[in-house]
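Enquirer:
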Amino acid sequence: MNTNTVSQLLAKDQFGLEIEIKGWVRTFRAKRFIALNDGSTINNIQCVVDFENTSEETLKRITTGAAVHIKGELVESQGKGQKVEIVVTSIEILGDSDPENYPIQPKKHSFEFLRENAHLRTRTNTFSAVMRLRSNLSFAVHKYFTENGFYNMHTPIITGSDAEGAGEMFRVTNLDAKNPPVNQEGKVDFKEDFFGKETNLTVSGQLEAETYAMSLGKVYTFGPTFRAENSNTSRHLSEFWMIEPEVAFMDLAGNMDLAEDFMKSVINYILENNKEDLEFLENRLLDEEKTKPQSQRSEMSLIEKLKFVVDNNFKRVSYTEAIEILRNSKPNKKKKFNYIIEEWGADLQSEHERFLVEKHFKCPVILFDYPANIKAFYMRLNEDGKTVRAMDILFPGIGEMVGGSQREERLDVLKEKMAALDIPEEELWWYLDLRKYGTAVHSGFGLGFERLVMFATGMTNIRDVIPYPRTPQNAEF
RNA sequence: UCCUCUUUAGCUCAGUUGGUUAGAGCAUCUGACUGUUAAUCAGAGGGUCCUAAGUUCGAGUCUUAGAAGAGGAGCCA
């Protein structure tokens, strides 16, 4: 006798096998039918209990959420709805689950409620599907880069430079918060802190990744990233996972090619390996859409959307072209936008990005060559002197999925831009060294992993695609 | 951080111009039934109406302050 997973048992086509299985009870119907799940698949296996020959005491302990060990025979199902089922010969209750208090009831729960029970929410179909997909997407990320000659690099999580400019940072300190040491200027003296200087949690591994790209050629980091922004939206987390490849001798066009090929590859991987989970999530979304008016329903189902991304080229549009499209668009002329586009140089608001992606092109869009003054200091200045080789990839329903650029490789230009933004050279002496010794064209991008998971699962709140979301005022679990 | 909305039973929600003992569905429990698919049928139990202060003869309902959650915005990934 072997201990199997539900996934393995459901795939078997030989009947009459003596088998064992351990899992958790999802529902127990008519004192006879256990729907058993062990996490190996979205599907349950039906276990048929001979209740006439099972003690009343045992039957009472078969409750939603209980852990059980079942021995029995795998047979062709007599009922409709499943191919195989288990005729139970013995059942052992491994762990009881008090039905009066168990929060996950056999009924629909709101995502808000399940978020408060995040330790139990993967016992539901939706969250188990989402987290299996998240796991496989993570694997697909490493698979893609490894197969394409990239080295995985672990960039530091505690960082000593505060010049990355990607957002507010979380300070890392072990000074006494009530009574910190103070210097002569009356400020906190970080020289006495653990690292002898001010340190923070990383907001990006990019600068460190650049150093490795300039020796190992093609590298990527995939790790946790922290932003202390007070953002209360369904698209932002204080702690999230970011994928950041960095490649030497690659220009912006190559960067766009890489990002597009990468995204198609990982989405294709789950289309091939998570069919059942995707079908479940697709049906969940279809049910949800039935409650909406026709005009608000999406044109494509979840799987159709994923296939569309894999099969079609992303639309590449320069910032300048995008401004022209927006300026001549209906909502701009009729003043429907909250921010009317009037001239070149305006920063694009999310309403503009949504218009381009969801109304105008109806596909993922890569915007490139942005005005220099709305982008970061390290981006490669174009020959026109006003734009930089930056690119953002915008996805329908998600917004900005990727932000990347060709990096400024010319020492003098980089120094000028840092000076203009008051970034002290001492802070980034090592970053400048890359431009002093063997500098070369290089590029990379950052991709928010959770936003990828959102797109792949159709979930609309980023807090529902990470196990334990960290957001302002919330670090439970 | 700003704007809008929400907070009533374990969950999802209703609750009229302020008025007796605050309701429904699901869940739970009890009983019936037993090849069911979120089983069905009958019955029962279950309430700090988010918190604090106020107005009033009387507040779930009105006012003020606060907390938490959601949606949108900004910022971004």
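Heads up: the first sequence at position 224 corresponds to 224 in the working numbering, and the numbers run straight through without jumps. Cβ atoms here follow ideal geometry from the backbone N, Cα and C, with glycine treated the same way.
1) With hydrogens ignored, establish whether the beta-carbon of R134 is closer than 7 Å to any heavy atom of the ligand ATP.
2) Is it right to say Q14 is buried, meaning 16 or more other beta carbons lie within 10 angstroms of its own, or is it exposed?
3) Which residues does DSSP pair with G23 in a beta bridge?
4) In whole angstroms, what separates the C-alpha of M250 from that of N152?
5) Alpha carbon to alpha carbon, how far is E168 from R485? Give it in angstroms, no decimals.
6) Of all the options K31, N230 and W429, which has the alpha carbon lying nearest to the alpha carbon of K60?
7) Report yes if the C-beta distance between F308 and Y220 is below 8 Å; otherwise report no.
8) Let me confirm a value: N313 is counted as buried when at least 16 other C-beta atoms fall within 10 Å, else exposed. Which label applies?
9) If distances are taken between C-alpha atoms only, which option among R410, P371 and N338 comes closest to A346?
10) Rounded to the nearest angstrom, what separates H109 and E76 at their Cα positions?
11) Y269: which of R134, G160, A35 and F113 sits nearest, CA to CA?
12) Where do the N-terminal and C-terminal ends of the alpha helix (DSSP H) with A253 fall, by residue?
13) Short of 7 Å in beta carbon distance, which residues of its chain neighbour N273, apart from the five on each side in sequence? Order them along the chain.
14) Mind checking R132: buried by the 16 CB within 10 Å criterion, or exposed?
15) Using 8 Å as the threshold, is the C-beta distance between E260 and A209 below it?
16) Are the segment 189-203 and the segment 110-130 touching by the rule of at least three beta carbon pairs closer than 8 Å?
17) Please state whether DSSP places V465 in a helix, a strand or coil.
18) Using 8 Å for Cβ pairs, my map puts N43 next to L17. What's the rounded Cβ distance?
19) Using CA atoms only, rank isn't needed, just tell me which of A475, M401 and R284 is closest to G448.
Expert: Quick look at the numbers:
1) What this structure holds is no ligand at all, so the ligand ATP is not there to describe.
2) Counting Cβ neighbours within 10 Å, Q14 comes out exposed, since fewer than 16 surround it.
3) For G23, the pairing in a beta bridge is given by DSSP as V68.
4) Straight-line Cα distance between these residues: approximately 18 Å.
5) Outside the modelled stretch of the chain, which goes from 1 to 477, sits residue 485, for which no answer is possible.
6) Its Cα nearest to that of K60, the residue K31 stands out among K31, N230 and W429.
7) Not a contact, by the Cβ cut-off of 8 Å.
8) Classification for N313: exposed.
9) Cα-wise, what sits closest to A346 is P371.
10) In a straight line, the C-alpha of H109 is about 33 Å away from that of E76.
11) With distances taken between Cα atoms, Y269 lies closest to R134.
12) It spans L252 to N273 - the alpha helix (DSSP H) in which A253 sits, taken as one unbroken run.
13) The residues are N136.
14) The C-beta of R132 has 16 or more other C-beta atoms within 10 Å across all chains shown, which makes the residue buried.
15) No, Cβ-Cβ distance for E260 and A209 is not below 8 Å.
16) As far as the Cβ criterion goes, the segment 189-203 does not touch the segment 110-130, which means the pair count is below three.
17) It is coil, neither helix nor strand.
18) Contact doesn't hold; Cβ gap of about 18 Å is too wide.
19) With distances taken between Cα atoms, G448 lies closest to M401.
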